[in-house]
Amino acid sequence: MRKSLTGHPTDVISEGEGEESSETTSDAAETVKRPLKNTAEEFEKCFLGSDDVDVQNFMQACLEYAKVLQKLGRFTASLVREAHSNISKIDQTYHMDPERFRTMRALLQGELDNGRHKSAPVLDDPSSAIGLLWARRALTFWATLYAALQTESEDSYHCFKKAAEQSYDKTLKPFNGFVSRSSFGMVLKGMPSWNKLKPRFESGEFLLEDMEFWAQTVQKLASIMEKIHDELNLADTRKSL
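Here the sequence shown stands for residues 1 to 241, where the numbers follow full-length UniProt numbering.
See the structure below:
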């Protein structure tokens, strides 16, 4: 069985209120680099027409987004590790023949042709198929959260935390068992206040605009990925631990 939010057991490091109280009430002068906009543009490069995904570009975009998460604080440490783990799984088959397995559809079909996933839709783990599955689910969580923030008060910590919890309920929770749900509870507990978190996105006045762009791009990409998993009977719906 898979474990944690994207399938692996891991400790969650909490920032907690104690640490926050020792910090200043606001971060230093905010630098505007717009990493959400930049990573959304990286995810745009993943589209191959309207029904397939460039695997190399997808892995690169995920790694770039993991850097964004890392800057948000220690509460994302487990999520960053899981992102890297999923990429390693995707690369497991991809690196054997990058030209042949350039697209997600070809990559997954290649695993099937090579005798992987004989009990499909139950997936072999590790495999590219399961790495893509959990990478998509994790990205869908963030896309759902960013979309929800378009209608929430941007200055309310409680609204942000509520949006995160509701987004988790819609995306990852249906596939998570007790241990994984408990891990997410620790992630929520470790979240700093929204006022402290906003500057870490380095987007200034463009933050909500960039969140919307990121959410729309990733949701569209995730929809294509989900369809490919479904068409190849690789949509493993088992719960993690």
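Yeah, the Cβ is synthetic: ideal placement off N, Cα and C, and Gly gets one too. Note that the structure is a prediction, hence the values are computed from the model and not measured.
Residue i vs residue j beta-carbon contact at 8 Å
i: Phe75; j: Gly185; result: no
i: Met104; j: Met225; result: yes
i: Arg200; j: Leu36; result: no
i: Glu147; j: Gln166; result: One point to set straight first is that residue 147 is Ala, not Glu, in the sequence displayed. Taking 8 Å as the Cβ cut-off, Ala147 and Gln166 do not qualify as a contacting pair.
i: Gly115; j: Lys89; result: no
Separation of residue j from residue i, as counted between CA atoms
i: Thr237; j: Lys220; result: 21 Å
i: Ala106; j: Lys162; result: 39 Å
i: Phe178; j: Thr171; result: 16 Å
i: Lys196; j: Gln70; result: 15 Å
i: Trp194; j: Asn38; result: 22 Å
i: Glu202; j: Ser50; result: 31 Å
i: Leu145; j: Leu241; result: 23 Å
i: Ala28; j: Pro192; result: Only weak support exists for where Ala28 lies, its pLDDT of 45 falling under 50; the value from the coordinates is given anyway. Computed Cα separation, rounded: 16 Å.
i: Arg34; j: Glu205; result: 10 Å
i: Asp210; j: Ala66; result: 16 Å
i: Pro121; j: Lys227; result: 14 Å
i: Glu64; j: Pro98; result: 20 Å
Residues bridged to residue i [DSSP beta-bridge criterion]
i: Thr103; result: Asp54
Own chain partners of residue i with C-beta closer than 8 Å, once the 5 adjacent residues on each side are dropped
i: Cys62; result: Ala83, Asn86, Ile87, Ala135 and Leu139
i: Leu133; result: Leu123, His229, Leu234, Ala235 and Asp236
i: Phe175; result: Arg137, Thr237, Arg238, Lys239 and Ser240
i: Cys46; result: Val53, Asp54, Asn57, Phe58, Ala61 and Leu221
i: Val218; result: Ala40, Phe43, Leu139, Thr140, Trp142 and Ala143
Closer than 8 Å to chain D by CB, residue i
i: Ile90; result: Judged by its chain identifiers, the structure shown contains no chain D, having just a single protein chain.
Beta-carbon contacts of residue i that lie in its chain and below 7 Å, excluding the five residues immediately before and after
i: Gln92; result: Pro126, Ser127 and Ser128
i: Tyr94; result: Val55, Phe101, Leu107 and Ser128
i: Leu188; result: Lys161, Ala164 and Glu165
i: Glu111; result: Thr93, His117, Ser127, Ser128 and Ala129
i: Lys198; result: Leu207
Runs of 4 residues minimum, wholly inside the region 47 to 75: which ones carry the alpha helix (DSSP H) assignment?
55 to 72
- Message: Going residue by residue through the region 140 to 217, where are the continuous alpha helix (DSSP H) segments of at least 4 residues, counting only ones entirely within it?
- Response: 157 to 171, 178 to 190 and 194 to 197
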